[in-house]
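For the sequence shown, the working numbering assigns the number 1 to the initial residue and increments by one for each residue that follows. By construction, the Cβ of each residue, glycine as well, lies at the ideal position given by its N, Cα and C atoms. Okay, structure first, notes after.
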Amino acid sequence: MEKAFSNLEESLKNTDDKIESITWRLESFEKEFPSGENQDSVMELIQTVSEITEDYLNLRKEMQEVQQIQKELTDTLKSKVSHVQKQYMMLKERVIQSQAYKDSKERK
Numbered sequence: 001m002e003k004a005f006s007n008l009e010e011s012l013k014n015t016d017d018k019i020e021s022i023t024w025r026l027e028s029f030e031k032e033f034p035s036g037e038n039q040d041s042v043m044e045l046i047q048t049v050s051e052i053t054e055d056y057l058n059l060r061k062e063m064q065e066v067q068q069i070q071k072e073l074t075d076t077l078k079s080k081v082s083h084v085q086k087q088y089m090m091l092k093e094r095v096i097q098s099q100a101y102k103d104s105k106e107r108k
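What follows is the structure, encoded as structure tokens:
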């Protein structure tokens, strides 16, 4: 599961790099072609890229929160499993002792 999140995080980082590259290219294009209609189109594209970048950052933040929750859940489950194992061993020991006590009484 952590490997999947790691791969997803790497993919998101690559996406972030691509978005930055697109933004830079659009800004360069805008500087070269400042005519009215083209400028409006470029500004709309830049706005769209900015919105996508913001969505990406929000998604990344949510992914980190999910990873943290997953880690907390995993830690809690490990703790509970350990507790159950200890209880099992204690009960098993009691059964063994009880059986040994019964066996010793039967021999007398």
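Below 8 Å on the Cβ atoms is my guess for residue i versus residue j; work out the distance and round it to an integer in Å.
i: L45; j: L26; result: 5 Å
Measuring CA to CA, which of the options is closest to residue i?
i: K13; options: W24, R60, D40; result: R60
i: E9; options: Q67, E106, S98, Y101; result: Q67
i: T23; options: Q47, Q97, S11; result: Q47
i: S6; options: E30, D103, Q64, S28; result: Q64
i: S28; options: M43, T74, T15; result: M43
Item to check | Start-end ranges of the alpha helix (DSSP H) lying completely within the segment 28-99, minimum 4 residues | outcome: None, since the segment 28-99 contains no complete alpha helix (DSSP H) of that length.
Checklist entry - Can you find at least 3 beta carbon pairs, one from the segment 77-87 and one from the segment 49-66, that sit closer than 8 Å? => result Verdict: no, contact absent.
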